[in-house]
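Participant:
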Amino acid sequence: HTLEKPHRCDECGYATVELSKLRRHIRTHTGEKPYACPHCSYCSPDTFKLKRHLRVHTGERPYQCTICTRNSY
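Its first residue numbered 122, the sequence shown is counted upward by one per residue in the numbering used here.
Written as structure tokens, this is what we have:
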């Protein structure tokens with residue numbers, strides 16, 4: 122449990138503990154979007170954004186407002 126972040130971006134100095142997070146970060150500089158939607162032309166730099174996008178096609182709205190009970194994503 123150290124605060125050391127050994128993986129550093131050569132472009133901007135971003136640093137992280139996990140190499141996978143650095144690889145994902147580097148896509149912000151390269152513009153690479155390797156995760157494609159099977160339903161349309163949308164492509165994403167990471168799986169989280171692709172999963173969020175897929176809700177457009179499924180209609181899923183998993184988050185409910187605690188005040189008015191409307192669902193959104």
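Every residue gets a Cβ at the ideal spot worked out from N, C-alpha and C, and that includes glycine.
Under 7 Å Cβ to Cβ from Cys130, same chain only, skipping five residues before and after it: list those, please.
Facilitator: Position 9 of the sequence shown, counted from the first residue, corresponds to residue 130. Hits under 7 Å: Leu143, His146, Ile147.
Participant: Assuming His140 and Tyr156 form a contact by the criterion Cβ under 8 Å, report the distance between their Cβ atoms to the nearest whole angstrom.
Facilitator: If you number the sequence shown from 1, residue 140 lands on position 19. If you number the sequence shown from 1, residue 156 lands on position 35. Residue 140 is actually Leu in this sequence, not His. Going by Cβ atoms, the distance from Leu140 to Tyr156 rounds to 19 Å, so no, they are not a contact pair.
Participant: Is the Cβ-Cβ distance between His178 and Ser165 less than 8 Å?
Facilitator: By 1-based counting over the sequence shown, the position of residue 178 is 57. By 1-based counting over the sequence shown, the position of residue 165 is 44. Result no, Cβ atoms of His178 and Ser165 do not sit closer than 8 Å.
Participant: Could you work out which residue in Cys161, Thr190, Cys158, Tyr135 is closest to Thr149 when comparing CA atoms only?
Facilitator: In the sequence shown, counting from the first residue as 1, residue 149 sits at position 28. Comparing Cα positions, the closest option is Tyr135.
Participant: For Thr187, which three-state DSSP category applies?
Facilitator: Along the sequence shown, one-based indexing puts residue 187 at 66. Three-state result, Thr187: coil.
Participant: Tell me the rounded alpha-carbon separation between His160 and Arg176.
Facilitator: If you number the sequence shown from 1, residue 160 lands on position 39. If you number the sequence shown from 1, residue 176 lands on position 55. If I take the Cα positions, the gap works out to 11 Å.
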